[in-house]
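**Student:** Please read through the structure below; I'll follow up with questions.
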Amino acid sequence: MGLLKILTYPDPALRAKAKEITDIDGALQRLIDDMTETMYAAPGVGLAANQVGDLRQVLVIDVNTREQSKYSLIVLINPRIVSAQGTVEGEEGCLSLPGFNVVVERAEQVFVKGLDREGKEIGIEAAGLLAVALQHEIDHLRGRIILDKASPVKRSFYKKRALKKSLAE
Ligand code: NI
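When we follow our numbering, the leftmost residue of the sequence shown carries the number 3, and every step to the right adds one.
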């Protein structure tokens with residue numbers, strides 16, 4: 003067990019498409035456990051593998067610190083949205099984009115399928131913050147980040163600031 007380094011923009015891993023997982027083994031389960039620990043420590047409500055530099059389709063989510071949910075910790079391998087309904091707008095942040103918030107339009111309710119930590123097929127019926135978090139993290143696995151949702155002016159301002167910071171490191 004251990005904390006993982008959360009990569010920040012403009013790390014290229016955030017733009018990569020994560021690969022479908024075919025082998026669920028002890029190494030993957032260790033990654034999941036480390037991602038979970040890292041998410042809680044951050045603290046954040048979700049984390050996708052890209053954000054820790056692993057390009058496999060796995061995410062962890064727990065929204066309970068912000069909103070009560072019938073689900074506690076959710077682990078999803080190879081997640082896919084199978085149905086979506088309604089639209090909702092809300093402000094989102096991202097552990098990989100420190101200091102950046104943007105209003106994003108999302109589906110209000112989603113039904114997501116995937117595999118759990120043991121490789122068993124599961125379905126998650128989500129509304130509210132959980133639905134938003136699922137869409138946000140699944141976007142990460144496709145190489146999409148909330149920076150893409152900002153206005154061109156806001157986006158270029160943040161890009162410049164992030165570039166300056168990464169050059170200073
Ligand atoms: Ni994020």
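For every residue, glycine included, the Cβ atom is placed at its ideal position computed from N, Cα and C.
These numbers were taken from a predicted model, which means no experiment stands behind them.
For Pro100, which option in Leu75, Ile23, Ile148 and Val84 has the closest C-alpha, if you only look at C-alpha atoms?
**Tutor:** Among Leu75, Ile23, Ile148 and Val84, the Cα nearest to that of Pro100 belongs to Ile148.
**Student:** Please list, in chain order, all residues with a C-beta atom less than 6 Å from at least one heavy atom of the ligand NI.
**Tutor:** Going along the chain, the residues that qualify are Cys96, Leu97, Ser98, His138 and His142.
**Student:** Over the uninterrupted alpha helix (DSSP H) stretch that includes Pro81, give me the two end residues.
**Tutor:** From DSSP, Pro81 is part of no alpha helix (DSSP H) but of the beta strand (DSSP E) over Ile76 to Gly95.
**Student:** Going by DSSP, which residues form a beta bridge with Glu123?
**Tutor:** DSSP lists Leu117 as partners of Glu123.
**Student:** For the candidate residues Asp56, Glu94 and Ile63, whose alpha-carbon lies nearest to that of Ala43?
**Tutor:** Answer by Cα proximity: Ile63.
**Student:** Label Asp27 either buried or exposed according to how many other C-beta atoms from any shown protein chain fall within 10 Å of its C-beta, with 16 as the threshold for buried.
**Tutor:** Result: exposed.
**Student:** With a threshold of 7 Å on Cβ separation, who are the neighbours of Lys19 within its own chain once the five nearest residues in sequence on each side are excluded?
**Tutor:** Result list for Lys19: Arg144 and Gly145, in chain order.
**Student:** For the alpha helix (DSSP H) that Ala170 lies in, which residues bound it at each end?
**Tutor:** Pro154 to Ala170 is the span of the alpha helix (DSSP H), which, as asked, contains Ala170.
**Student:** With a cut-off of 8 Å, do at least 3 Cβ pairs link the region 87–98 to the region 55–74?
**Tutor:** Judged by Cβ distances under 8 Å, the region 87–98 makes no contact with the region 55–74, as fewer than three pairs qualify.
**Student:** Following the continuous beta strand (DSSP E) through Ile63, name the residue where it begins and the one where it ends.
**Tutor:** Segment Val60 to Ile63, the beta strand (DSSP E) holding Ile63.
**Student:** Measuring CB to CB, does Gly125 end up less than 9 Å from Arg108?
**Tutor:** No, Cβ-Cβ distance for Gly125 and Arg108 is not below 9 Å.
**Student:** If I measure Cβ to Cβ from Ala135 and keep anything under 7 Å in the same chain, skipping five residues before and after, which residues do I get?
**Tutor:** Here the set comprises Val47, Gly48, Ile63 and Val65.
**Student:** Cβ of Val2 within 9 Å of Cβ of Val84?
**Tutor:** With the chain running from 3 to 171 in the structure shown, residue 2 is simply not present.
**Student:** If we ignore side chains and look at the alpha-carbon of each, how far apart do Leu117 and Ala152 end up?
**Tutor:** Between Leu117 and Ala152, the C-alpha separation is close to 32 Å.
**Student:** If you draw a straight line from the C-alpha of Leu132 to the C-alpha of Thr89, how long is it?
**Tutor:** Straight-line Cα distance between these residues: approximately 14 Å.
**Student:** In or out: Leu5 buried (at least 16 other Cβ within 10 Å) or exposed?
**Tutor:** Exposed is the call here.
**Student:** Give the single residue among Ala129, Gln87, Phe159 and Ser74 whose Cα lies nearest to the Cα of Val104.
**Tutor:** Among Ala129, Gln87, Phe159 and Ser74, the Cα nearest to that of Val104 is on Phe159.
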